[in-house]
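So the structure is just underneath, and the comments pick up after that.
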Amino acid sequence: MSQTAFSTLNLHADLLKNLTSLGYESMTPIQAQSLPHILAGEDVIAQGKTGSGKTAAFGLGLLEKLNVKRFRVQSLVLCPTRELADQVAKEIRKLARTIHNIKVLTLCGGMPFGPQIGSLEHGAHIIVGTPGRIEEHVRKGTLNLDDLEILILDEADRMLEMGFQDSLDEIIDAAPQRRQTLLFSATYPPQIKSIADRIMFKPVMAKVESTH
Ligand code: ADP
Ligand code: MG
1 MSQTAFSTLN LHADLLKNLT SLGYESMTPI QAQSLPHILA GEDVIAQGKT
51 GSGKTAAFGL GLLEKLNVKR FRVQSLVLCP TRELADQVAK EIRKLARTIH
101 NIKVLTLCGG MPFGPQIGSL EHGAHIIVGT PGRIEEHVRK GTLNLDDLEI
151 LILDEADRML EMGFQDSLDE IIDAAPQRRQ TLLFSATYPP QIKSIADRIM
201 FKPVMAKVES TH
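Residues in the sequence shown are numbered consecutively from 1, following UniProt numbering.
The following block contains the structure:
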């Protein structure tokens, strides 16, 4: 299998150095297919099995674009469950180790509102959460998405299976029209195609049959 080094990408030197220290030497196939497009600012639909490295694909994309000096929500990652949101936040924090003062906040259902509202008042760069709770914060006005640059739907097929369609629509309505949208999914059923047609702009398809 062909291996592509992360160094072939135009990533900030500190991100690259951190990848080396994490032992990430070459891109997984889904990363090699999607990252050049993600870094070019294109909308991307990436389909690949569990364990294929999808989190780092979008994580590196959002970290590369992030301006840490602007303390506004610049990226939002939507995940089907709290466990997955926690895993994604953990991986993003790991990839972001060399970026000082970065704030990654998780907002999930089943957790009390008060502390989440307090954290939102302090501000964050990246939000990772579940659609129901994010929708509630958007409705209450406790989460403002006016400065959002990248919207990520992780495990989009599972989010739709779990009945999050209406919450997703509400959140997307509150996001700026001019944004980058990335959709990750293990499968590509017709409902995913339909949502992609509505919320994405000329998406590039990245698909990998097997894991690395
Ligand atoms: P997926 O979301 O596709 O199911 P994950 O993003 O959770 O997969 O990645 C699975 C595992 O692979 C994680 O433990 C992650 O740290 C690791 N990983 C991701 N990309 C690389 C890479 N390029 N090199 C080595 N390990 C990687
Ligand atoms: Mg994943």
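The beta carbon of each residue, even a glycine, is placed where N, CA and C say it ideally should be.
The region 117-127 touching the region 151-171, judged by at least three CB pairs closer than 8 Å: no
Classification of G23 by the beta-carbon crowding that lies within 10 angstroms, buried from 16 upward: exposed
Residue of D14, I45, T28, K103 minimising C-alpha distance to V68: K103
Same chain, Cβ closer than 8 Å to S75, five either side skipped, listed in chain order: L62, K65, L66, H125, I126, I127, L148, E149, I150, L151, I152
Contact belief for L182 with D43 at Cβ below 8 Å, rounded distance in angstroms: 7 Å
Residue span of the beta strand (DSSP E) that contains L182, given as start and end: 180-185
K54 Cβ short of 7 Å to ligand 2 heavy atom set: yes
Unbroken alpha helix (DSSP H) run spanning Q31, endpoints: 29-39
Contact set for D157: own chain, Cβ-Cβ below 7 Å, skip 5 residues either direction: S185, A186, T187, P189, I192
Within 8 Å, strictly: CB atoms of Q3 and S26: yes
Where I126 sits in the DSSP three-state scheme: strand
Status (buried if at least 16 other CB within 10 Å, exposed otherwise) for G114: exposed
Same chain, Cβ closer than 6 Å to T55, neighbours up to 5 away in sequence not counted: V88, E91
Separation of L16 from H100, as counted between CA atoms: 15 Å
Inter-residue CB distance, T81 and T50 (contact presumed, cutoff 8 Å): Incorrect: roughly 13 Å between the Cβ atoms, too far for contact.
Cβ neighbours of L145 in the same chain (closer than 6 Å, five flanking residues each side left out): A174, A175
With 16 other Cβ atoms within 10 Å as the buried cut-off, status of E135: buried
CA-to-CA distance, F201 to T8, given in whole angstroms: 26 Å
Buried/exposed call for E121, threshold 16 Cβ in 10 Å: exposed
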